[in-house]
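Colleague: In the numbering used here, the protein residues as written are 163 to 495.
For each residue, glycine too, the CB sits at the ideal point set by N, CA and C.
Can you keep this structure in mind? I'll have questions shortly.
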């Protein structure tokens, strides 16, 4: 059981990272993940014990509930999957009775479950950092972070491990892009110069009170990740264990700007000509011609734009038909 608490200044993309983490941990690691938005727990005045305890209570209920299949969003029709084993087993299964029949069938959710049991993961974040500044789960000060750590540590039955993820962005172009993206999502229109000035004024006020994760030894007992400019630099502390290291590795690859990916099949291979599959054959003559034409197409359409070389990374499999297909493609890094 893990609790990931995202902290940082406003407009740093914490909700975006929370959702990406949820998708990653659920899909690739089979974890049962739930998001907890601090702004949803505001029945009482901001910073009150009641809000913090209410969120902790719901987090505890989630952790102690029965796990859902990680691929619940990919449910298939289960009648057909249950009927096939029954037909194969025939009269023997009929003699075993209904209860034994159910035990023999492999449930669809078990079939989809990952081999690694990553347990439960609660992700704490906020969509409005300014209004939730004083909330105890916001992690905006050493005292609030200590409260969250102690609250989970004292609950021995829960057994949840807390990880703080501080999102630090000091590049103005990234911050401005985040502001514009948020305004578009909220249908607030294009950000004007006045909107930008107003935002920076609010962030400066927030920053004067905000306390970053300390590296002076006073918070060395906490597990945390400091993420600079979305993977430009990553600092970790007390991040031991398989899932924790996978989380840190995933955060090094995260980005808010769109990346274009081009996919190509390999050129015709000698086995394609013979109608055979498998193996590791070289390209046929038409396949080599395709590789040459692909090598001419890529610079015109991908790696050179407006007369400027664009960084591109080339990936192939280890099979020679894919390597030969890509041999004429320039790929400046």
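How far does the alpha helix (DSSP H) with residue 289 in it extend, from its first residue to its last?
Modeller: Numbered from its first residue, the chain shown carries residue 289 at position 127. Element bounds for residue 289: n/a, residue is neither H nor E.
Colleague: Under a Cβ-count criterion, where at least 16 other Cβ atoms within 10 Å of its own Cβ denotes burial, should residue 355 be classed as buried or exposed?
Modeller: As a first step, residue 355 must be located in the chain shown, where it is residue number 193. Exposed: under 16 other Cβ atoms inside 10 Å.
Colleague: Taking the beta carbon of residue 471 as the centre, do at least 16 other beta carbons fall within 10 Å, making it buried, or is it exposed?
Modeller: Numbered from 1 along the chain shown, position 309 holds the residue referred to as residue 471. Exposed: under 16 other Cβ atoms inside 10 Å.
Colleague: Using DSSP's beta-bridge definition, name the partner residues of residue 479.
Modeller: Counted from its first residue, the chain shown places residue 479 at position 317. Beta-bridge pairing links residue 479 to no other residue.
Colleague: Classify residue 184 as helix, strand or coil using the three-state DSSP reduction.
Modeller: Numbered from its first residue, the chain shown carries residue 184 at position 22. Note: residue 184 maps to helix in three-state DSSP.
Colleague: Here's a check: name, in chain order, each residue in its chain whose Cβ is nearer than 7 Å to the Cβ of residue 457, leaving out the five neighbours to either side.
Modeller: As a working note, residue 457 is residue 295 in the chain shown. Closer than 7 Å at Cβ, skipping near neighbours: 490, 491.
Colleague: Ends of the beta strand (DSSP E) at residue 195?
Modeller: One-based indexing of the chain shown puts residue 195 at position 33. 194-199 is the extent of the beta strand (DSSP E) around residue 195.
Colleague: Give the DSSP-derived three-state secondary structure of residue 398 in the structure shown.
Modeller: On the chain shown, position 236 is the one that residue 398 refers to. If DSSP states are grouped into helix, strand and coil, residue 398 belongs with the strands.
Colleague: Can you tell me where the beta strand (DSSP E) holding residue 327 begins and where it ends?
Modeller: For the purposes of this step, residue 327 is identified with residue 165 of the chain shown, where counting begins at 1. Here the beta strand (DSSP E) through residue 327 covers 323-330.
Colleague: The beta strand (DSSP E) spanning residue 304 covers which residue range?
Modeller: The residue you call residue 304 lines up with position 142 of the chain shown. Residue 304 -> not in any beta strand (DSSP E); alpha helix (DSSP H) instead, spanning 304-316.
Colleague: Quick check: what's the CA-CA separation for residue 166 versus residue 334?
Modeller: Numbered from 1 along the chain shown, position 4 holds the residue referred to as residue 166. Numbered from 1 along the chain shown, position 172 holds the residue referred to as residue 334. Answer to the nearest angstrom: the Cα atoms are 26 Å apart.
Colleague: For a quick check, are the C-beta atoms of residue 330 and residue 389 less than 8 Å apart?
Modeller: Numbered from its first residue, the chain shown carries residue 330 at position 168. Numbered from its first residue, the chain shown carries residue 389 at position 227. Yes, these two residues count as a Cβ contact at 8 Å.
Colleague: Determine the closest residue to residue 197 out of 204, 287, 211, 172, with distance taken between C-alpha atoms.
Modeller: Within the chain shown, residue 197 is the residue found at index 35, counting from 1. Minimum Cα distance to residue 197 is reached at 287.
Colleague: Within 10 angstroms of its Cβ, does residue 417 collect 16 or more other Cβ (buried), or is it exposed?
Modeller: Position 255 of the chain shown holds residue 417. Classification for residue 417: exposed.
Colleague: What is the residue span of the alpha helix (DSSP H) that residue 506 lies within?
Modeller: Coverage of the chain is limited to positions 163 through 495, which leaves residue 506 absent and any answer about it impossible.
Colleague: How long is the line joining the alpha carbons of residue 484 and residue 463, rounded to whole angstroms?
Modeller: For the purposes of this step, residue 484 is taken as residue 322 along the chain shown, with counting starting at 1. For the purposes of this step, residue 463 is taken as residue 301 along the chain shown, with counting starting at 1. Cα to Cα, residue 484 sits roughly 20 Å from residue 463.
Colleague: So residue 298 and residue 306 are in contact, right, with Cβ under 8 Å, and what is the actual spacing, rounded?
Modeller: By 1-based counting over the chain shown, the position of residue 298 is 136. By 1-based counting over the chain shown, the position of residue 306 is 144. With a Cβ gap of about 5 Å, residue 298 and residue 306 count as contacting.
Colleague: Got a sec, what are the start and stop residues for the alpha helix (DSSP H) residue 166 sits in?
Modeller: What you label residue 166 is simply residue 4 of the chain shown in a count that begins at 1. No alpha helix (DSSP H) contains residue 166, which is instead part of the beta strand (DSSP E) from 164-170.
Colleague: Tell me whether residue 535 sits in a helix, a strand or coil according to DSSP, three-state version.
Modeller: One cannot answer for residue 535 here, as it falls past the ends of the chain, which runs 163 to 495.
Colleague: Apply the 10 Å Cβ neighbour rule to residue 407 and answer buried if 16 or more other Cβ atoms are within range, or exposed otherwise.
Modeller: For this step, residue 407 is matched to residue 245 along the chain shown. With fewer than 16 Cβ atoms within 10 Å of its Cβ, residue 407 is classed as exposed.
Colleague: In chain order, what residues of the same chain lie with their CB nearer than 6 Å to the CB of residue 400, ignoring the 5 residues before and after it?
Modeller: The residue labelled residue 400 in the question sits at position 238 within the chain shown. For residue 400, where only same-chain residues beyond five positions count, the Cβ hits under 6 Å are 385.
Colleague: Cutting at 6 Å between CB atoms, please list the residues of its own chain near residue 190, excluding the five before and the five after it.
Modeller: Taking the chain shown and counting its residues from 1, one reaches residue 190 at position 28. Nothing listed; no residue qualifies.
Colleague: Quick one: what's got a C-beta closer than 8 Å to residue 396's C-beta in the same chain, skipping five residues either side?
Modeller: Here the question's residue 396 lines up with position 234 in the chain shown. Taken in chain order, the residues that qualify are 387, 388, 389, 390, 410, 413, 414.
Colleague: By the three-class DSSP mapping on this structure, what secondary structure does residue 341 have?
Modeller: As a position in the chain shown, residue 341 is number 179, starting the count at 1. Helix.
Colleague: What's the gap between the Cα of residue 361 and the Cα of residue 370?
Modeller: Residue mapping note: residue 361 aligns to position 199 of the chain shown, counting from 1. Residue mapping note: residue 370 aligns to position 208 of the chain shown, counting from 1. Their backbone Cα atoms lie some 14 Å apart in a straight line.
Colleague: For the alpha helix (DSSP H) containing residue 368, list its first residue and its last residue.
Modeller: Indexing the chain shown from 1 puts residue 368 at position 206. Run containing residue 368: 355-371, per the alpha helix (DSSP H) assignment.
Colleague: Is the Cβ of residue 430 closer than 8 Å to any Cβ of chain D?
Modeller: In summary, chain D is missing from the structure at hand, where a single protein chain is found.
Colleague: In chain order, what residues of the same chain lie with their CB nearer than 8 Å to the CB of residue 503, ignoring the 5 residues before and after it?
Modeller: Residue 503 lies beyond the residue range present for the chain, which begins at 163 and ends at 495; the question has no answer from this structure.
Colleague: Return the CA-CA distance between residue 265 and residue 308, expressed in angstroms with no decimal places.
Modeller: The sequence position of residue 265 within the chain shown is 103, counting from 1. The sequence position of residue 308 within the chain shown is 146, counting from 1. Here residue 265 scores only 47 on pLDDT, less than 50, and its place in the model is too uncertain to base an answer on.
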